[in-house]
Amino acid sequence: MPLIAFASPKGGVGKTTLVANVADALRRAGRSVLVIDLDPQNALRLHFGIPLHDTAGFMAELLRQPDWRRLVRPTSSGVALLPHGAADLRAALHQAAALERDPLLLSGPLREMLSDPRLLVLADLPPGPSQPLAVAAPLATVVVTVLQSDAISAAVLGEVESGRFLGGGTMSALLTGRLQFVLNGVDMHSRLSRTAAETLARHLGARLLGAVSRDDALSEAQAHMRLVHEMAPGSAAAADIAHVARAIEALLPMTQEVSEASMTAGMRTRW
Ligand SMILES: Nc1ncnc2c1ncn2[C@@H]1O[C@H](COP(=O)(O)OP(=O)(O)O)[C@@H](O)[C@H]1O
Ligand SMILES: [Mg+2]
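Numbered by this note's numbering, the letters in the sequence shown go through residues 2 to 272 in order.
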């Protein structure tokens, strides 16, 4: 039922990495999880072992109004994945224009996904303001903003807190109250990173869901097209990500445990 949208003011902050690994942590906690990639980089699949040459996906086919169920991939982690699909610049521009004209192309399928009361949907959005964000944000229970623990994030905190970085006017108003934050790449050995993290944490208070340390285990797992819990379950990053997943769960209206058996059965029948 709930949609958790992951957004960020800029790219390269670890958004896709967190979506993949938080989804895995939620799955391990017994949730039925679907991740949907709304970023034309089409990178979310790479955390789940989908080979590079496999370029099919939902958003890339959006104009043909595909049945999203047909494009969902089961993954070995148990997380169901809806890849973006390969899209060149021209296709991405077409898609954005079509979405602006007809938001139902995306909001319709999203509503269908959210109508399943047991399903937790996590969306990986493009960085900054975007058409997919404009469509997905109003449907989201929580918008998780990923910030890097650096001086720039601390300096632009005012913009970030207001939600204005995700789009002007109505868009930021829509998001108010649903914005939560995760700090990524905290390096406790770097004075600058630590100071930035402390500044950000002080300002964000309860809206800070957690912090994820800078840890090569995350990029190593990605290089192997695996999730960090599979490669390095004892790593600092795996522990931090489990913490963020628990904080997200605590925000959800539906808190009852989904039993392993019913979830497995549900996954099997649906996809
Ligand atoms: N906490 C972290 N520690 C170390 N490397 C990280 C961390 N988070 C992300 N990375 C690496 O940073 C790069 C960018 O991450 P990515 O998730 O693709 O960012 P985004 O989706 O925001 O563009 C990737 O190579 C990823 O492995
Ligand atoms: Mg990304």
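Where is the CB? At the ideal position from N, CA and C, for every residue including glycine.
What separation, rounded to the nearest whole angstrom, lies between the Cα atoms of residue i and residue j?
| i | j | result |
| --- | --- | --- |
| R91 | A61 | 11 Å |
| L4 | L123 | 6 Å |
| A97 | V14 | 23 Å |
| R208 | L106 | 32 Å |
| E101 | L134 | 11 Å |
| T265 | V187 | Low confidence applies here, because T265 scores a pLDDT of 47, under 50, leaving its location unreliable and the question unanswered by this model. |
| H225 | L45 | 13 Å |
| T18 | G206 | 24 Å |
| A99 | L167 | 20 Å |
| P232 | A239 | Here residue 232 turns out to be Met, not Pro, going by the sequence shown. About 10 Å. |
| R165 | S173 | 5 Å |
| Q66 | G170 | 30 Å |
| Q160 | K11 | Checking the sequence shown, residue 160 turns out to be Glu, not Gln. Their Cα atoms are separated by approximately 13 Å. |
| S108 | H48 | 25 Å |
| L290 | L120 | Within the shown structure, residues of the chain are numbered from 2 to 272, placing residue 290 beyond reach of any answer. |
| A57 | P41 | 12 Å |
| A26 | H95 | 35 Å |
| T177 | S163 | 7 Å |
| S116 | M2 | 6 Å |
Between residue i and the rest of its own chain, which residues show a CB-CB distance below 8 Å, the 5 nearest in sequence each way excluded?
| i | result |
| --- | --- |
| R28 | V34, S78, G79 and V80 |
| G211 | V183, L184, D241, H244, V245 and A248 |
| T200 | A155 and L158 |
| N43 | T56, G58, A61, P84, H85, G86, A87 and A88 |
| L64 | H95, Q96, A99 and L106 |
How far does the alpha helix (DSSP H) with residue i in it reach, from first residue to last?
| i | result |
| --- | --- |
| G109 | L105 to L115 |
| D25 | K16 to R29 |
| A156 | A152 to A156 |
| S214 | Element bounds for S214: not the alpha helix (DSSP H) but the beta strand (DSSP E), L209 to S214. |
| V229 | V229 to M232 |
| V245 | A237 to L252 |
| A93 | L90 to R102 |
Helix, strand or coil: which one does DSSP assign to residue i?
| i | result |
| --- | --- |
| Q223 | helix |
| T265 | For T265, the predicted model reports a pLDDT of 47, less than 50, meaning its position is unreliable; a value from the coordinates is still stated below. Helix. |
| S260 | Here the model assigns S260 a pLDDT of 42, short of 50, so the residue's position is not dependable, and the following value carries that caveat. Here S260 sits in coil by DSSP. |
| T146 | strand |
| D217 | helix |
| P75 | strand |
| A6 | strand |
| A57 | coil |
| P139 | helix |
| S131 | coil |
Would you say residue i lies against chain B (beta-carbon separation less than 8 Å)?
| i | result |
| --- | --- |
| R29 | No chain B appears in the structure shown, which is made up of a single protein chain. |
Considering residue i, what are the terminal residues of the beta strand (DSSP E) in which it resides?
| i | result |
| --- | --- |
| L38 | First, the residue type needs correcting, since residue 38 is Asp and not Leu in the sequence shown. Counting along the chain, the beta strand (DSSP E) containing D38 begins and ends at S33 to D38. |
| Q181 | L180 to V187 |
| V122 | L120 to D125 |
| A81 | A81 to L83 |
With burial defined as no fewer than 16 other Cβ atoms inside 10 Å of the residue's Cβ, what is the status of residue i: buried or exposed?
| i | result |
| --- | --- |
| H54 | exposed |
| M189 | exposed |
| S214 | buried |
| T76 | buried |
| R203 | exposed |
| G235 | exposed |
| D217 | exposed |
| L219 | buried |
Please work out which residues of its chain come closer than 6 Å, Cβ to Cβ, to residue i, disregarding the five sequence neighbours upstream and downstream, and give them in chain order.
| i | result |
| --- | --- |
| L111 | L140 |
| D151 | A197 |
| F59 | W69, L72 and L83 |
Please return the same chain residues whose Cβ sits closer than 7 Å to the Cβ of residue i, not counting the five positions on each side in sequence.
| i | result |
| --- | --- |
| V20 | F7, V36, L45, L123 and D125 |
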